[in-house]
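Input: a single structure, listed below in C-alpha cells.
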Amino acid sequence: MPELPEVQTVVNYLQPLLRDKTIDSLINPNGYKNVFENGQLSSYLFILKGKTITSLTRRGKYILLNLDIGYLLFHLRMTGRLMLETPDIEDMKYVSCQINFTDSSTLFFHDIRKFGRIYICNNLNWLERKLGIEPLSKEFTSNWLYNKLHCHKRLIKYFLLDQQFIAGLGNIYVDEALWLSGIHPKAYSNKINKNRSDKLYNSIKHILNKAISFQGTTIINFKYGQNNIGNFSDELQIFGKPNAPCPRCNSPIIKHYLAQRGTHFCNKCQKY
DNA sequence: ACGAATGTTGCGGG
DNA sequence: ACCCGCAACATTCG
Numbered sequence: 008m009p010e011l012p013e014v015q016t017v018v019n020y021l022q023p024l025l026r027d028k029t030i031d032s033l034i035n036p037n038g039y040k041n042v043f044e045n046g047q048l049s050s051y052l053f054i055l056k057g058k059t060i061t062s063l064t065r066r067g068k069y070i071l072l073n074l075d076i077g078y079l080l081f082h083l084r085m086t087g088r089l090m091l092e093t094p095d096i097e098d099m100k101y102v103s104c105q106i107n108f109t110d111s112s113t114l115f116f117h118d119i120r121k122f123g124r125i126y127i128c129n130n131l132n133w134l135e136r137k138l139g140i141e142p143l144s145k146e147f148t149s150n151w152l153y154n155k156l157h158c159h160k161r162l163i164k165y166f167l168l169d170q171q172f173i174a175g176l177g178n179i180y181v182d183e184a185l186w187l188s189g190i191h192p193k194a195y196s197n198k199i200n201k202n203r204s205d206k207l208y209n210s211i212k213h214i215l216n217k218a219i220s221f222q223g224t225t226i227i228n229f230k231y232g233q234n235n236i237g238n239f240s241d242e243l244q245i246f247g248k249p250n251a252p253c254p255r256c257n258s259p260i261i262k263h264y265l266a267q268r269g270t271h272f273c274n275k276c277q278k279y
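Structure follows, in C-alpha cells:
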C-alpha cells in the first residue's frame, strides 16, 4: 500500500529513533524465503553485524538505512511495516525479519502478504538506474514533466505509475492527481498540452506534500509506529469512491480497471 | 461460500 | 515501445 507519502511518514517517524543504533544480529523468525533480495540471511548477518545506522532517507518507495559502510534498504510493497514496537503475539507470525541492535532494541519488519523486500548494497547505483526523478526535488520541474510526457506515447496513468519516470507515485495519488488536474487516466501522454501538463505538475506536488503533512493515507493496512494511521484518507476526493458524486461537477465517479488496478475518475470533467 | 479485489513490483508474451 | 496477464501472498468483502 505505501506510496511516497506513507514511506516518507515511516522515515520521518523512525529517523530519530534509529539513528546511531548498531546492528548486532538478524533473525528470520518465520523462515520466509523471498524476503532477502541479495542472498541468504547468513550473508546479510555477516555483512551487517557491527554496522551503525547514520541516517534514514527515502528514495521513491524505498526506505534507506544509511550505514557507516553501505546501505540496508527496505521496500514495503503492499503490507510491509517497519516498527521498533513489538508486534502483538498473534502478529508475530507475519514478521519477516527482526534486527536486534546492540542497545537491545529490535526493529521488526512486519509484512502480512510477504511481498516486502530487504536489500543490502555498497552503493546506490543500481537504485538510481532503476528509479526516475524525485517528484519533490528541485530537479522535477514543469518543463521536465512536459518534455518527458512528449518523449513517450503512454496512457497517462501508466506513465505516472512507472517508477522509471517518476519515483514514488502509486495508485491512490495517481488517481487523485489526475482528477485534480482534470486529465482522463487514458489520455495519451504526448497529447497533453503545456497548460494541462503544468496543471498536472502542480497537482502532483500539491497532493504529495499535503498527503505527507497528513501522515499518508490509511485505507486498510498502512500504519506507522505502534498503531498510528494516515489521516489523508479523509482528504481523498475520488479514490475508493465509485458512484459517489464528483466533488467538482457532481457526475458519478467511474471505476474501471487499468493496469490491473482499480482506476477512479470523473468521465465528465477529466478530459482526454 | 467462493471468487474477486487490495495501496507493489517483475516477468514473459504479443 | 507499450500494454496485458499473471505471479508472489493473506485477508476481507460482496
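Quick note on the working numbering: the first sequence kicks off at 8 and runs consecutively.
All C-beta atoms, glycine included, are put in the ideal place defined by N, C-alpha and C.
Assigned secondary structure, residue i (DSSP; H/G/I helix, E/B strand, else coil)
i: D110; result: coil
i: S173; result: In the sequence as presented, Ser is not what sits at residue 173; that position holds Ile. Strand, per DSSP.
i: F166; result: helix
i: K155; result: helix
i: Y180; result: helix
i: L74; result: strand
i: K160; result: coil
i: L11; result: helix
i: L83; result: coil
Burial state of residue i, where buried means 16 or more other Cβ atoms lie within 10 Å
i: T64; result: exposed
i: D118; result: buried
i: N257; result: exposed
i: T148; result: exposed
i: Q267; result: exposed
i: Y279; result: exposed
i: F239; result: buried
i: Y264; result: exposed
i: T109; result: exposed
i: C158; result: exposed
i: T270; result: buried
i: D182; result: buried
i: A251; result: exposed
i: K28; result: buried
i: P142; result: buried
i: F53; result: exposed
i: S220; result: exposed
i: K100; result: exposed
i: E135; result: exposed
Residue(s) in a DSSP beta bridge with residue i
i: N104; result: The residue you asked about is not Asn; residue 104 is Cys in the sequence shown. Answer is F116.
i: K278; result: I190
i: R88; result: H117
i: I127; result: L79
i: R66; result: Y69
i: I96; result: Looking at the DSSP assignment, I96 forms no beta bridge with any residue, so it has no partner.
The ligand HEM heavy atom lying under 6 Å from the CB of residue i
i: F229; result: Within the structure as shown, the ligand HEM is missing, as the structure has no ligands at all.
Residue closest to residue i, alpha-carbon to alpha-carbon, out of the options
i: F272; options: Q22, G189 and F166; result: G189
i: R124; options: I106, R88, H82 and D182; result: H82
i: Y20; options: I260, S220, Y231 and Y264; result: Y231
i: N130; options: T109, G77 and R120; result: G77
i: C253; options: Q222, L187, Y264 and T224; result: L187
i: V17; options: M90, N228 and D27; result: M90
i: I127; options: L55, H213 and L207; result: L55
i: S103; options: S62, N45, S144 and Y39; result: Y39
i: T93; options: N73, F116 and G87; result: F116
i: R161; options: S196, L152 and H191; result: S196
i: P192; options: Y180, N202 and I226; result: Y180
i: L168; options: W151, N150, I140 and K145; result: I140
i: S111; options: D31, L74, L24 and K68; result: D31
i: E242; options: K100, Q222 and K121; result: Q222
i: L176; options: N202, K68 and Y208; result: K68
Which runs of the alpha helix (DSSP H) at least 4 residues long sit entirely within the stretch 21 to 64? Give them in chain order. Given a length threshold of 4 residues, each whole run of the alpha helix (DSSP H) inside the stretch 21 to 64 is given here in chain order: 48 to 55.
Considering only residues of the stretch 198 to 272, which uninterrupted beta strand (DSSP E) runs meet the minimum length of 3 residues and lie entirely inside it, listed in chain order? Whole beta strand (DSSP E) segments, 3+ residues: 260 to 265.
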